[in-house]
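What follows is a set of notes on a single structure, which appears directly below.
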Amino acid sequence: MAHSMSTRTVMVLLAPLCLLLLVFFLLPLGRVGWASIYDHGYTLRGYAEVVSGTLIHRVLGNTLHISVLATLTSLVLGYLIAMHLAGMPPRRRAPYLVMVMLPFWTSILVKSYAFTIVLGNSGLVNQLLGWVSGGAWHAEMLFNRMGVVLGMTNYLLPFMVLPIMASLVNQNRSLHLAAEIMGAGQWRIFSRITFPLSLPGVCAGVLMCLTLSMGMYITPALLGGRQDMMLANLIDFYTRQTLDWTLASSIAFVLLGVSALLIAMLIRVQRDQETTFA
Amino acid sequence: MKNHDSRWHNGGVSRRSILKAGVATAGLAALGVALPLRAQGRGISVTCWGGAYESAIRQAFAEPFAKETGVPVTLVNNADLTRMKVQVDSGNVSWDVFDSIGPQIMAGARQGLWAPIDTSIVDTGKLMQKTGKDHVGTYSYAGGIAFDPKKFPDGKHPTTFAELWDLKRFPGRRGLRSRASENLEMALLADGVPPDQLYPLDVDRAFKAMDRIKPAVRKWIETTPETVTLLTSNEIDFSYTYLSRVLPAQRAGSSVAMSMRQTLNSLEYLAVPKGGKNIQNAMRYVAFCLRADRQAAFCELVEFSPNVTGATDLISAEARQRMPDMNSPDAIVIDDAWWGDNYDKLQRRFTEWLLI
Numbered sequence: 040m041a042h043s044m045s046t047r048t049v050m051v052l053l054a055p056l057c058l059l060l061l062v063f064f065l066l067p068l069g070r071v072g073w074a075s076i077y078d079h080g081y082t083l084r085g086y087a088e089v090v091s092g093t094l095i096h097r098v099l100g101n102t103l104h105i106s107v108l109a110t111l112t113s114l115v116l117g118y119l120i121a122m123h124l125a126g127m128p129p130r131r132r133a134p135y136l137v138m139v140m141l142p143f144w145t146s147i148l149v150k151s152y153a154f155t156i157v158l159g160n161s162g163l164v165n166q167l168l169g170w171v172s173g174g175a176w177h178a179e180m181l182f183n184r185m186g187v188v189l190g191m192t193n194y195l196l197p198f199m200v201l202p203i204m205a206s207l208v209n210q211n212r213s214l215h216l217a218a219e220i221m222g223a224g225q226w227r228i229f230s231r232i233t234f235p236l237s238l239p240g241v242c243a244g245v246l247m248c249l250t251l252s253m254g255m256y257i258t259p260a261l262l263g264g265r266q267d268m269m270l271a272n273l274i275d276f277y278t279r280q281t282l283d284w285t286l287a288s289s290i291a292f293v294l295l296g297v298s299a300l301l302i303a304m305l306i307r308v309q310r311d312q313e314t315t316f317a
Numbered sequence: 002m003k004n005h006d007s008r009w010h011n012g013g014v015s016r017r018s019i020l021k022a023g024v025a026t027a028g029l030a031a032l033g034v035a036l037p038l039r040a041q042g043r044g045i046s047v048t049c050w051g052g053a054y055e056s057a058i059r060q061a062f063a064e065p066f067a068k069e070t071g072v073p074v075t076l077v078n079n080a081d082l083t084r085m086k087v088q089v090d091s092g093n094v095s096w097d098v099f100d101s102i103g104p105q106i107m108a109g110a111r112q113g114l115w116a117p118i119d120t121s122i123v124d125t126g127k128l129m130q131k132t133g134k135d136h137v138g139t140y141s142y143a144g145g146i147a148f149d150p151k152k153f154p155d156g157k158h159p160t161t162f163a164e165l166w167d168l169k170r171f172p173g174r175r176g177l178r179s180r181a182s183e184n185l186e187m188a189l190l191a192d193g194v195p196p197d198q199l200y201p202l203d204v205d206r207a208f209k210a211m212d213r214i215k216p217a218v219r220k221w222i223e224t225t226p227e228t229v230t231l232l233t234s235n236e237i238d239f240s241y242t243y244l245s246r247v248l249p250a251q252r253a254g255s256s257v258a259m260s261m262r263q264t265l266n267s268l269e270y271l272a273v274p275k276g277g278k279n280i281q282n283a284m285r286y287v288a289f290c291l292r293a294d295r296q297a298a299f300c301e302l303v304e305f306s307p308n309v310t311g312a313t314d315l316i317s318a319e320a321r322q323r324m325p326d327m328n329s330p331d332a333i334v335i336d337d338a339w340w341g342d343n344y345d346k347l348q349r350r351f352t353e354w355l356l357i
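Taken in order, these protein sequences are the chains called A and B.
If you count the first sequence from 1, position 29 lands on 68 in my numbering, and the numbers rise without skipping.
If you count the second sequence from 1, position 6 lands on 7 in my numbering, and the numbers rise without skipping.
Here it is in structure tokens:
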């Protein structure tokens with residue numbers, strides 16, 4: 040069907056979206072780019088500071104570390120949930136899907152406060168640990184990197200579960216049956232058929248989670264320790280506190296560049312995978 | 002396959018881009034948003050902080066001003082400096098008076114956002130803390146050491162900043178703000194600098210003193226509400242917070258108290274943005290807010306201290322009791338003008354110090 044559409048039809052259909060993106064995305068983005076090089080005259084001061092500043096380097100390092108960690112945690116947990124959901128009959132799946140979506144509908148601010156109650160020194164988890172061990176066990180889970188990663192994973196899970204589940208549900212069951220008839224074990228079926236075929240979903244999930252976590256702002260501020268500052272916090276600081284929009288825009292553009300690079304790499308990997316398995 | 006692939010590609014990029022743009026343009030988004038707030042007739046609009054603050058402003062300043070001058074006042078909540086700057090830069094100013102804290106007012110002053118205060122209308126002679134040419138300090142709010150009095154009765158909790166720094170006598174998890182201002186002052190006072198010789202801050206000495214308390218600080222707090230909630234949820238033991246947070250929490254039944262023995266007091270300011278359509282009326286409003294009787298009426302309602310001579314005498318004994326004694330050397334006033342010149346540099350150093 041898609042192949043029979045003429046170029047003209049495609050262009051007409053795409054025009055509204057392109058216009059929307061142009062006005063509400065490309066133009067503002069262009070202004071940010073402009074602000075990063077122009078402040079009463081052309082300047083590269085912002086980029087110079089990004090290149091030379093140890094503060095920005097450290098925070099960029101944090102951002103990458105935390106984003107990758109949170110994405111990997113979401114991938115492992117999300118894949119398990121997605122597999123469980125994909126194996127259910129659609130009717131039973133619906134209420135579970137709602138549960139997956141629940142964190143998605145809750146304000147991230149409220150969730151971050153709630154995590155204080157769950158993960159804190161006198162939080163639910165530590166109370167349970169203390170009760171089980173007679174007061175011997177205790178875990179520092181708040182105001183450190185673990186707190187940030189846990190809080191972000193909670194936020195990211197739906198973005199991981201949904202695409203992976205979609206690619207698992209859409210798999211052709213006869214492939215699995217064929218493998219089973221040929222004598223393949225469960226693990227072999229998973230590693231040779233299920234997992235490779237779910238890679239587009241995995242890639243989509245990882246892309247979204249990485250992207251979202253690179254720009255994360257409230258979670259590291261509320262659940263992180265002093266060493267868990269992320270780039271978005273720094274951009275906010277320069278935008279609102281010091282009104283240094285040149286530097287803020289430069290950092291924003293560097294963040295954009297770094298995420299674009301990461302994502303380009305991922306898409307490359309995905310394409311190689313697809314040609315291997317096609 | 003090829004087709005499928007490229008669709009993935011495009012889908013990924015545009016979705017990513019939209020999200021990224023959301024972050025990148027967080028502050029600049031205001032550029033595209035037309036502000037529908039138009040000053041109605043000769044009325045003026047004044048920025049505000051909402052909540053109890055807003056109702057006190059309405060009762061003490063906005064409504065009496067409207068009654069006396071016939072100029073209605075609209076209070077605008079959640080105003081921020083970013084949007085103010087956009088208004089002034091674009092020549093489309095819809096807020097006539099900007100009510101904010103020191104760092105914001107000073108950053109605005111450096112950017113040239115404020116019109117000079119018209120001293121023929123505004124009497125700045127009675128101000129206790131003299132302020133700049135393009136802004137006035139209105140009233141101050143006290144910051145100090147808060148604790149749970151049930152867990153830490155008298156003698157068990159620090160009452161001065163030197164005691165807050167004394168980790169041996171007062172062990173416990175501290176909560177401090179994640180910014181340089183106030184922390185560096187506390188560090189120097191804790192290190193023995195006399196209050197009257199505090200400014201200009203000896204920055205190196207302050208950071209050295211900060212090194213001593215660093216291991217005991219569990220959370221460098223980003224948002225003001227947390228300075229009390231982390232205390233009441235027993236995640237920290239001693240917190241630097243504000244009287245205007247502690248007293249309402251007390252009234253709501255939380256076991257929390259603040260030591261008034263040593264306080265850091267920060268001024269709230271009013272400034273009139275350049276290019277406004279009602280600068281004359283805006284100045285009259287500023288003058289009105291600095292009247293001793295109005296200051297007294299305001300400080301009666303919320304936990305602020307007046308910045309105008311004579312106002313304190315008009316306040317009831319009951320309200321005066323909860324205020325810091327501004328004549329005492331232990332009620333230190335933050336020098337926002339000094340911070341205005343040093344904030345960016347020091348906040349940067351502070352953030353780097355935090356990351357190490």
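Where is the CB? At the ideal position from N, CA and C, for every residue including glycine.
It should be emphasised that the depicted structure is a prediction, and the values quoted were computed from it without experimental measurement.
Compute the beta-carbon to beta-carbon distance between V98 (chain B) and A283 (chain B), rounded to the nearest angstrom, for a pair I have assumed lies under 8 Å.
Start at 1 with the first residue of the second sequence, and residue 98 (chain B) comes out as number 97. Start at 1 with the first residue of the second sequence, and residue 283 (chain B) comes out as number 282. Their Cβ separation, rounded to whole angstroms, is 5 Å, which keeps V98 (chain B) and A283 (chain B) in contact under 8 Å.
Name the chain A residues whose beta carbon is nearer than 7 Å to that of K220 (chain B)?
Along the second sequence, one-based indexing puts residue 220 (chain B) at 219. Near K220 (chain B) (Cβ distances below 7 Å), the residues of chain A are F182.
Kindly indicate which three-state DSSP category G72 (chain A) falls into: helix, strand or coil?
Numbered from 1 along the first sequence, position 33 holds the residue referred to as residue 72 (chain A). Helix, per DSSP.
Can you tell me whether Y344 (chain B) is buried or exposed? The criterion is at least 16 other CB atoms within 10 Å of its CB, across all chains shown.
Translated into the one-based positions of the second sequence, residue 344 (chain B) becomes position 343. Flag for Y344 (chain B) reads buried.
The alpha helix (DSSP H) spanning K150 (chain A) covers which residue range?
Here the question's residue 150 (chain A) lines up with position 111 in the first sequence. Looking at the DSSP string, the run of the alpha helix (DSSP H) that includes K150 (chain A) is 147 to 158.
Which of the three DSSP states, helix, strand or coil, is assigned to E269 (chain B)?
On the second sequence, position 268 is the one that residue 269 (chain B) refers to. Of the three classes helix, strand and coil, the one that applies to E269 (chain B) here is strand, per DSSP.
Tell whether a beta-carbon distance below 8 Å holds between S161 (chain A) and N308 (chain B).
Taking the first sequence and counting its residues from 1, the one referred to as residue 161 (chain A) is at position 122. Taking the second sequence and counting its residues from 1, the one referred to as residue 308 (chain B) is at position 307. No, Cβ-Cβ distance for S161 (chain A) and N308 (chain B) is not below 8 Å.
Can you tell me the Cα-Cα spacing of D336 (chain B) and P201 (chain B), whole angstroms?
Numbered from its first residue, the second sequence carries residue 336 (chain B) at position 335. Numbered from its first residue, the second sequence carries residue 201 (chain B) at position 200. Approximately 9 Å between the Cα atoms of the pair.
Thinking C-beta only, is M268 (chain A) closer than 8 Å to M255 (chain A)?
The count along the first sequence starts at 1 and reaches residue 255 (chain A) at position 216. The count along the first sequence starts at 1 and reaches residue 268 (chain A) at position 229. Taking 8 Å as the Cβ cut-off, M255 (chain A) and M268 (chain A) do not qualify as a contacting pair.
When the Cα of L248 (chain B) is compared with those of B:A191, B:V204, B:M324, B:N266, which residue comes out closest?
Start at 1 with the first residue of the second sequence, and residue 248 (chain B) comes out as number 247. Of the listed residues, the one whose Cα sits closest to L248 (chain B) is B:M324.
On the DSSP letters alone, give me the boundaries of the alpha helix (DSSP H) that N343 (chain B) sits inside.
Residue mapping note: residue 343 (chain B) aligns to position 342 of the second sequence, counting from 1. From DSSP, the alpha helix (DSSP H) with N343 (chain B) extends over 337 to 356.
In this structure, what does DSSP give as the bridge partners for G138 (chain B)?
Here the question's residue 138 (chain B) lines up with position 137 in the second sequence. B:Y270.
Is the CB-CB distance between W115 (chain B) and P274 (chain B) below 8 Å?
Locating residue 115 (chain B) in the second sequence gives position 114, where the first residue counts as 1. Locating residue 274 (chain B) in the second sequence gives position 273, where the first residue counts as 1. Result yes, Cβ atoms of W115 (chain B) and P274 (chain B) sit closer than 8 Å.
Note down, in chain order, every chain B residue with its Cβ under 7 Å from the Cβ of L282 (chain A).
Along the first sequence, one-based indexing puts residue 282 (chain A) at 243. Chain B residues near L282 (chain A): L82, K86, A108, Q112.
Count the other CB atoms within 10 Å of the CB of W340 (chain B); is the residue buried (16 or more) or exposed (fewer)?
In the second sequence, counting from the first residue as 1, residue 340 (chain B) sits at position 339. Result: buried.
Verify the CB distance criterion: does G33 (chain B) have a CB-CB separation below 8 Å to chain A?
Reading the second sequence from its first residue, position 32 is the one you call residue 33 (chain B). Note that G33 (chain B) has pLDDT 37, beneath the 50 cutoff, so the model's placement of it is unreliable and no number is given.
Taking S255 (chain B) as the reference, give the member of B:V229, B:T224, B:G126 with the closest Cα.
Counted from its first residue, the second sequence places residue 255 (chain B) at position 254. That would be B:V229, whose Cα lies nearest to the Cα of S255 (chain B).
Helix, strand or coil: how does DSSP classify G186 (chain A) here?
Position 147 of the first sequence, counted from the start, is the residue given in the question as residue 186 (chain A). Three-state result, G186 (chain A): helix.
Using a C-beta to C-beta distance shorter than 7 Å, which residues of chain A count as neighbours of Y104 (chain B)?
Taking the first residue of the second sequence as 1, we reach residue 104 (chain B) at position 103. One point to set straight first is that residue 104 (chain B) is Pro, not Tyr, in the sequence displayed. Residues of chain A passing the Cβ test: Q280.
By the criterion of Cβ-Cβ separation under 9 Å, what are the contact partners of I192 (chain A) in chain B?
As a first step, residue 192 (chain A) is located in the first sequence; it is residue number 153 there, counting from the start. What sits at residue 192 (chain A) in the sequence shown is Thr, not Ile. Result: empty, since nearest Cβ-Cβ is about 18 Å, beyond 9 Å.
Give the residues of chain A in contact with N343 (chain B), contact being defined as C-beta atoms less than 8 Å apart.
Translated into positions along the second sequence, residue 343 (chain B) becomes position 342. Per Cβ cutoff of 8 Å: no residues; N343 (chain B) is ~12 Å from chain A at best.
Is the CB of V352 (chain B) under 8 Å away from at least one CB in chain A?
For the purposes of this step, residue 352 (chain B) is taken as residue 351 along the second sequence, with counting starting at 1. In the sequence as displayed, the identity of residue 352 (chain B) is Thr instead of Val. It does: the Cβ of T352 (chain B) has a partner Cβ on chain A nearer than 8 Å.
I'd like the list of long-range same chain contacts for Y243 (chain B), defined as Cβ closer than 6 Å, with 5 residues on each side in sequence excluded.
Counting from 1 along the second sequence, the entry for residue 243 (chain B) is found at position 242. So the qualifying residues of the chain are Y142, G144.
For the region 175 to 182 of chain A against the region 151 to 161 of chain A, do three or more pairs of beta-carbon atoms, one drawn from each stretch, fall closer than 8 Å, so that the two count as touching?
Verdict: yes, contact present.
Just grab the DSSP bridge partners of C49 (chain B) for me.
Locating residue 49 (chain B) in the second sequence gives position 48, where the first residue counts as 1. B:N78, per the DSSP bridge assignment.
Output the distance between the C-alpha atoms of L23 (chain A) and V149 (chain A), rounded to the nearest integer angstrom.
Because chain A spans 40 through 317 in this model, residue 23 (chain A) falls outside it and cannot be assessed.
Going straight from the alpha carbon of S260 (chain B) to that of H104 (chain A), what length do you get?
In the second sequence, the residue the question calls residue 260 (chain B) occupies position 259. In the first sequence, the residue the question calls residue 104 (chain A) occupies position 65. Near 41 Å, if we compare the C-alpha coordinates of H104 (chain A) and S260 (chain B).
The beta strand (DSSP E) with F99 (chain B) in it runs from where to where?
In the second sequence, residue 99 (chain B) corresponds to position 98, counting from 1. F99 (chain B) -> beta strand (DSSP E) spans 99 to 102.
Out of B:F208, B:W96, B:E64, B:K134, point me to the one whose CA is closest to T352 (chain B)'s CA.
Residue 352 (chain B) sits at position 351 when you count from the first residue of the second sequence. Of the candidates B:F208, B:W96, B:E64, B:K134, the one whose C-alpha sits nearest the C-alpha of T352 (chain B) is B:F208.
Just checking: is the beta-carbon of E269 (chain B) within a distance shorter than 8 Å of some beta-carbon in chain A?
Residue 269 (chain B) sits at position 268 when you count from the first residue of the second sequence. Taking Cβ atoms only, chain A never reaches closer than 8 Å to E269 (chain B), which makes this a no.
Does the distance from the CB of V137 (chain B) to the CB of L291 (chain B) come in under 8 Å?
By one-based count along the second sequence, residue 137 (chain B) stands at place 136. By one-based count along the second sequence, residue 291 (chain B) stands at place 290. Cβ distance < 8 Å, so V137 (chain B) and L291 (chain B) count as in contact.
Give every residue of the same chain whose Cβ lies closer than 6 Å to the Cβ of I106 (chain B), excluding the five residues on either side of it in the sequence, and list them in chain order.
Sequence index remark: in the second sequence, residue 106 (chain B) carries index 105 (1-based). Once the five neighbours on either side are set aside, the close Cβ partners of I106 (chain B) are H136, Y270, A272.
Short of 6 Å in beta carbon distance, which residues of its chain neighbour A27 (chain B), apart from the five on each side in sequence? Order them along the chain.
Stepping through the second sequence from its first residue, residue 27 (chain B) is reached at position 26. Model confidence at A27 (chain B) stands at a pLDDT of 42, short of 50, so the residue's coordinates are unreliable; what they give is reported in the following sentence. Excluding sequence neighbours, A27 (chain B) sits near nothing in its chain.
When you compare the CB of N160 (chain A) with every CB in chain B, is at least one pair closer than 8 Å?
Numbered from its first residue, the first sequence carries residue 160 (chain A) at position 121. True, the Cβ-Cβ gap to chain B drops below 8 Å.
My understanding is that P159 (chain B) touches F62 (chain B), with C-beta atoms under 8 Å, so please give their C-beta distance in whole angstroms.
Translated into the one-based positions of the second sequence, residue 159 (chain B) becomes position 158. Translated into the one-based positions of the second sequence, residue 62 (chain B) becomes position 61. Not confirmed; about 36 Å, so no contact.
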